[in-house]
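Notes for the one structure printed next.
Residue numbers (this note's numbering): 218 to 557.
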C-alpha cells in the first residue's frame with residue numbers, strides 16, 4: 218500500500234509542477250521517478266493479485282527487455298556516430314553519439330567481467346569500482362530517459378495560440394547570406410504559427426547576429442527569406458541582429474517585445490530537440506511563453522538530444538554532485554564495520 222501512496226503523491230506533484238510551469242527542470246526528474254514507481258506498483262499489484270503471467274511479463278520487460286534495448290541502442294549510437302562523422306565532419310558535438318555508444322558497450326563489458334571474475338569477491342576495491350560504474354550508468358540512463366521523454370512530451374503538448382511575438386532563432390548561413398535547410402524549417406514553422414495565431418497584431422522577431430564568416434546577419438537572412446515568400450506583411454517583422462547565442466536571442470528579443478507591448482507573451486521557434494532547453498532559458502529570464510519545435514534530419518537527432526542533455530547536466534551539476542556524495546557516503550559507511 219505504501220508504494221501506491223508514494224506513486225500517487227509523486228504523480229500529483231508532477232501534475233501540479235507541470236501546471237505551474239511546463240518549463241521547469243523539476244518536471245523531467247519527477248516524470249522518471251513517477252514512471253519507475255508506477256512500474257514497481259504494477260509489479261506489486263500483479264504479485265498481490267496472483268496474476269503470475271502478468272507479473273512474469275513485467276519482470277521480463279524490466280530486467281531483460283530494457284537491458285537488451287539499451288545494448289541495441291549502444292550499437293545503434295556507434296553506427297549513428299559514424300554516419301554523423303561522415304556527413305558533418307569531426308567536432309566535439311559530432312562525436313557525442315559515438316562516445317555514448319562506446320560507453321554503453323564498455324558498461325556491459327565491465328558487468329560481464331564482474332560476473333565472470335572471482336577477483337571481484339576478494340578485492341574490495343574492484344567491487345567499489347564495479348558499483349561505481351553501475352551506479353553511474355543507472356544515474357545517467359535514468360536522467361537521460363527522463364529528459365528525453367519529457368522533451369518529447371513538451372513538444373506534444375498543445376501551445377497557446379494567443380501570443381504577441383514569434384521568435385525565430387537564427388542558425389548558420391550558406392555562403393554567408395542564404396538560409397540553410399535547418400533554418401528554413403524554423404522560418405516555415407514560425408510563419409505557420411503566425412497565420413494560426415489568435416492575436417491579429419502578432420509580430421515575428423527574426424533573431425540572430427552576424428558571424429565573422431557571414432556577409433549579413435542571420436536576422437537579415439531570415440527577413441529576406443520571409444520577403445521572398447510574400448505571405449507575411451513586412452511591417453510585421455522585427456529584426457534583432459545582435460545576439461550570438463540562444464540565451465542572447467531570448468534576452469534581446471524580450472527587450473524588443475517589451476518596447477511595444479506591456480508584459481508580452483512569446484512563442485520561440487527552434488528545432489524539436491532544442492525546444493525544452495531553450496524554454497528553461499526563457500524561464501530563467503522570466504519570459505512569458507512557450508517553445509515550438511520543427512523537425513530535424515533523422516541522423517542528427519541522437520547526437521542533438523545528447524548534446525542538449527549534456528547542457529542540462531551542467532545546469533543541474535550540483536544535483537549530480539549530491540547524488541555522488543550519497544554514493545560515496547554509503548560506500549564509506551559500509552566499509553566501516555569491516556575495519557573498526
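Cβ coordinates follow ideal geometry from the N, Cα and C atoms, glycine included.
This structure is a prediction, so every number in the text was calculated from the model and none was measured.
- For residue 423, the uninterrupted beta strand (DSSP E) run begins and ends at 420–424, by DSSP.
- With 16 or more neighbouring CB atoms inside 10 Å of its own CB, residue 301 falls in the buried class.
- Secondary structure note for residue 469: its alpha helix (DSSP H) is the uninterrupted segment 463–477.
- Counted as a single uninterrupted DSSP element, the beta strand (DSSP E) harbouring residue 507 occupies residues 505–511.
- In the three-state DSSP reduction, residue 397 falls in the coil class, being neither helix nor strand.
- Annotated three-state conformation of residue 488 is strand, per DSSP.
- Taking the C-beta atoms as reference points, residue 231 is found no nearer than 7 Å to residue 252.
- Only residues of its own chain outside the window of five on either side were considered, and among them 220, 223, 224, 227 have a CB closer than 8 Å to the CB of residue 254, listed in chain order.
- The region 456–471 makes contact with the region 413–426; the number of CB pairs closer than 8 Å reaches 3 or more.
- For residue 305, the enclosing alpha helix (DSSP H) starts and ends at 283–305.
- For residue 277, the secondary structure class from DSSP, reduced to helix, strand or coil, is helix.
- Residue 431 sits in coil when the DSSP states are folded into three classes, being neither helix nor strand.
- Each of 363, 484, 477 was checked against the Cα of residue 408, and the nearest Cα belongs to 484.
- Here residue 454 is not near residue 385, since their CB atoms are 7 Å or more apart.
- For residue 525, no pairing in a beta bridge is given by DSSP.
- By the criterion of a C-beta distance shorter than 6 Å, residue 493 is surrounded in its chain by 368, 371, once the five residues flanking it on both sides are discounted.
- Taking 3 residues as the minimum length, the beta strand (DSSP E) runs contained wholly in the region 337–393 are 382–386, in order along the chain.
- In this structure, DSSP gives residue 456 an extended state, which the three-state scheme calls strand.
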